[in-house]
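Asks: Pasting a structure here, questions to come.
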Amino acid sequence: MVTDYTTRLNAGSFNRLGYWFAHLYVVGMCGVLAGGFYYQFVKWEYPCPLCVLQRMFMMLVAMGPAYIIARGRKGRVDTRDYVTGYGIAIVSAVAGAMVSARQILLHIVPPDPGYGGTVFGLHLYTWALITFVLAIVAAGVMLVFCRETEPLDSDYTPISAAVMWLFLAIIAANAVAVFLLEGFNWVLPDDPDRYEIFY
Amino acid sequence: MCHRDHSMDTIIFLLILATAWAVHRNWTRYAVLGLWFASLVASLLLFDHHVTSSLNLEW
Numbered sequence: 017m018v019t020d021y022t023t024r025l026n027a028g029s030f031n032r033l034g035y036w037f038a039h040l041y042v043v044g045m046c047g048v049l050a051g052g053f054y055y056q057f058v059k060w061e062y063p064c065p066l067c068v069l070q071r072m073f074m075m076l077v078a079m080g081p082a083y084i085i086a087r088g089r090k091g092r093v094d095t096r097d098y099v100t101g102y103g104i105a106i107v108s109a110v111a112g113a114m115v116s117a118r119q120i121l122l123h124i125v126p127p128d129p130g131y132g133g134t135v136f137g138l139h140l141y142t143w144a145l146i147t148f149v150l151a152i153v154a155a156g157v158m159l160v161f162c163r164e165t166e167p168l169d170s171d172y173t174p175i176s177a178a179v180m181w182l183f184l185a186i187i188a189a190n191a192v193a194v195f196l197l198e199g200f201n202w203v204l205p206d207d208p209d210r211y212e213i214f215y
Numbered sequence: 026m027c028h029r030d031h032s033m034d035t036i037i038f039l040l041i042l043a044t045a046w047a048v049h050r051n052w053t054r055y056a057v058l059g060l061w062f063a064s065l066v067a068s069l070l071l072f073d074h075h076v077t078s079s080l081n082l083e084w
């Protein structure tokens, strides 16, 4: 009890920000994944297998900070869990960046128009590479300043629960969306042009 | 063309969902790491499945 009080007393603003930054990290990844849904269901573009793979790796990246948020339910997030979370994010982001780089290089030679639509002149897989690089940088900075940012005084609030449920919902929605795309074939066609479940 | 061949995406998404559920329910560190690692390896194997030709580029 005394230790807990002392810990809370020593917890600076940055330590609290460290915990809330994990929320921002997960929400940011969910926002990018929601952007993918916008292109899939509003602009009616069919995600290719490499696009779907990049979504998987984005979820695995967000798994790290989600782990930190969830551990906050027990009170203080210890250093081991904190670095585990951002370690998960970095390893997953490196793997995701490989997929994005592969897709960029597939289409980089002119006059290849690239695959799918663009945002501010860049294709979605290029934005995905930028997202993975930013994810690595953000996780790296948090680890460099681990002493200042590790959540000594984490409050798992309803906002934390909402972020976790948002993350779960995004994953579940992607599972359903890819199942609609694949149908009962368990496989995606080379270049999807319809939702197989309806045929 | 984006690329060729097929995948088992639905199963991997369900594996990732299971990992997120384990995170959400605060399963033990090794259970979470085990599920995350299985998801990561499955995704990498799927990626490897799609990479079947070298890029026609100079390095």
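Protein chains in written order, with the numbering used here: chain A, 17 to 215; chain B, 26 to 84.
Don't be surprised by glycine CBs; every beta carbon is placed ideally from N, CA and C.
Along the region 142 to 163 of chain A, where does the CB come closer than 8 Å to a CB of chain B? Name the residues.
Replies: Of all residues in the region 142 to 163 of chain A, none has a Cβ within less than 8 Å of some Cβ in chain B.
Asks: Check V58/A in the structure and name its three-state DSSP category.
Replies: What you label residue 58/A is simply residue 42 of the first sequence in a count that begins at 1. Looking at V58/A - three-state DSSP - the assignment turns out to be helix.
Asks: Should G88/A and Y35/A be called a contact, given that it needs their Cβ atoms to be closer than 8 Å?
Replies: Taking the first sequence and counting its residues from 1, the one referred to as residue 88/A is at position 72. Taking the first sequence and counting its residues from 1, the one referred to as residue 35/A is at position 19. It is a contact, given that the beta carbons lie within the stated cut-off.
Asks: State the DSSP-derived secondary structure class of H123/A, mapped to helix, strand or coil.
Replies: Numbered from 1 along the first sequence, position 107 holds the residue referred to as residue 123/A. Here H123/A sits in coil by DSSP.
Asks: DSSP on L184/A, reduced to helix/strand/coil?
Replies: Mapped onto the first sequence, residue 184/A falls at position 168. L184/A: helix per DSSP, three-state reduction.
Asks: Strictly below 7 Å CB to CB, what residues from chain B border M45/A?
Replies: In the first sequence, the residue the question calls residue 45/A occupies position 29. The contacting residues do not exist; M45/A stays about 12 Å from chain B at best.
Asks: Would DSSP call L138/A helix, strand or coil?
Replies: Here residue 138/A is taken as the residue at index 122 of the first sequence, counted from 1. Three-state result, L138/A: strand.
Asks: Would L65/B and L150/A qualify as a contact pair, given that the criterion is a beta-carbon distance under 8 Å?
Replies: Mapped onto the second sequence, residue 65/B falls at position 40. Mapped onto the first sequence, residue 150/A falls at position 134. Not closer than 8 Å, so no.
Asks: Residues of chain B with a CB under 7 Å from the CB of A191/A: which are they?
Replies: On the first sequence, position 175 is the one that residue 191/A refers to. Under the 7 Å cutoff, chain B gives T35, F38, L39 and L42.
Asks: In this structure, does DSSP put S108/A in helix, strand or coil?
Replies: In the first sequence, the residue the question calls residue 108/A occupies position 92. Of the three classes helix, strand and coil, the one that applies to S108/A here is helix, per DSSP.
Asks: Could you confirm whether any beta carbon from chain B is found closer than 8 Å to the beta carbon of P65/A?
Replies: Taking the first residue of the first sequence as 1, we reach residue 65/A at position 49. Cβ-Cβ to chain B under 8 Å: yes for P65/A.
Asks: So if I threshold CB-CB distances at 7 Å, which residues from the region 64 to 81 of chain B count as touching chain A?
Replies: Against chain A - using a Cβ distance shorter than 7 Å - the residues of the region 64 to 81 of chain B are S64, L65, S68, L69, L71, F72, H75, V76 and L80.
Asks: Would you report the Cα separation of M26/B and L196/A, rounded to the nearest angstrom?
Replies: Here residue 26/B refers to the residue found at position 1 of the second sequence. Here residue 196/A refers to the residue found at position 180 of the first sequence. Here the model assigns M26/B a pLDDT of 44, short of 50, so the residue's position is not dependable and the matter cannot be decided.
Asks: Based on Cα-Cα distance, which residue from E212/A, Y215/A, V194/A and P126/A lies nearest to A63/A?
Replies: Counting from 1 along the first sequence, the entry for residue 63/A is found at position 47. The sequence given here places Pro at residue 63/A; Ala does not occur at that position. With distances taken between Cα atoms, P63/A lies closest to V194/A.
Asks: In three-state terms, what does DSSP make of T44/B?
Replies: Locating residue 44/B in the second sequence gives position 19, counting from the first residue. Helix, per DSSP.
Asks: Give me the Cα-Cα distance between Y55/A and T134/A, rounded to the nearest whole angstrom.
Replies: On the first sequence, position 39 is the one that residue 55/A refers to. On the first sequence, position 118 is the one that residue 134/A refers to. Y55/A and T134/A: Cα-Cα distance of roughly 10 Å.
Asks: Under 8 Å between beta-carbons, which chain B residues line up against V115/A? List them in chain order, please.
Replies: Counting from 1 along the first sequence, the entry for residue 115/A is found at position 99. Per Cβ cutoff of 8 Å: F72.
Asks: With a threshold of 16 other CB atoms inside 10 Å of the CB of W181/A, please say whether the residue is buried or exposed.
Replies: Position 165 of the first sequence, counting from 1, holds the residue named residue 181/A. Exposed.
Asks: Let me know if P81/A comes out buried or exposed under the rule of 16 or more other beta-carbons within 10 Å of its beta-carbon.
Replies: Against the first sequence, residue 81/A aligns to sequence position 65. The residue in question, P81/A, is buried, as its Cβ has 16 or more Cβ neighbours within 10 Å.
Asks: Starting from F53/A, trace the alpha helix (DSSP H) both ways and give me its first and last residue.
Replies: Here residue 53/A is taken as the residue at index 37 of the first sequence, counted from 1. Where F53/A is concerned, the enclosing alpha helix (DSSP H) stretches over S29 to F53.
Asks: Please check the pair R96/A and D169/A, which I expect to be a contact at CB under 8 Å, by giving their CB distance rounded to whole angstroms.
Replies: Numbered from 1 along the first sequence, position 80 holds the residue referred to as residue 96/A. Numbered from 1 along the first sequence, position 153 holds the residue referred to as residue 169/A. Their Cβ separation, rounded to whole angstroms, is 17 Å, which puts R96/A and D169/A out of contact at 8 Å.
Asks: Any chance the region 102 to 114 of chain A sits against the region 145 to 160 of chain A, with 3 or more Cβ pairs inside 8 Å?
Replies: The region 102 to 114 of chain A vs the region 145 to 160 of chain A: in contact.
Asks: By DSSP, does L197/A sit in helix, in strand, or in coil?
Replies: The residue labelled residue 197/A in the question sits at position 181 within the first sequence. In the structure shown, L197/A sits in a helix (DSSP, three-state: H, G or I).
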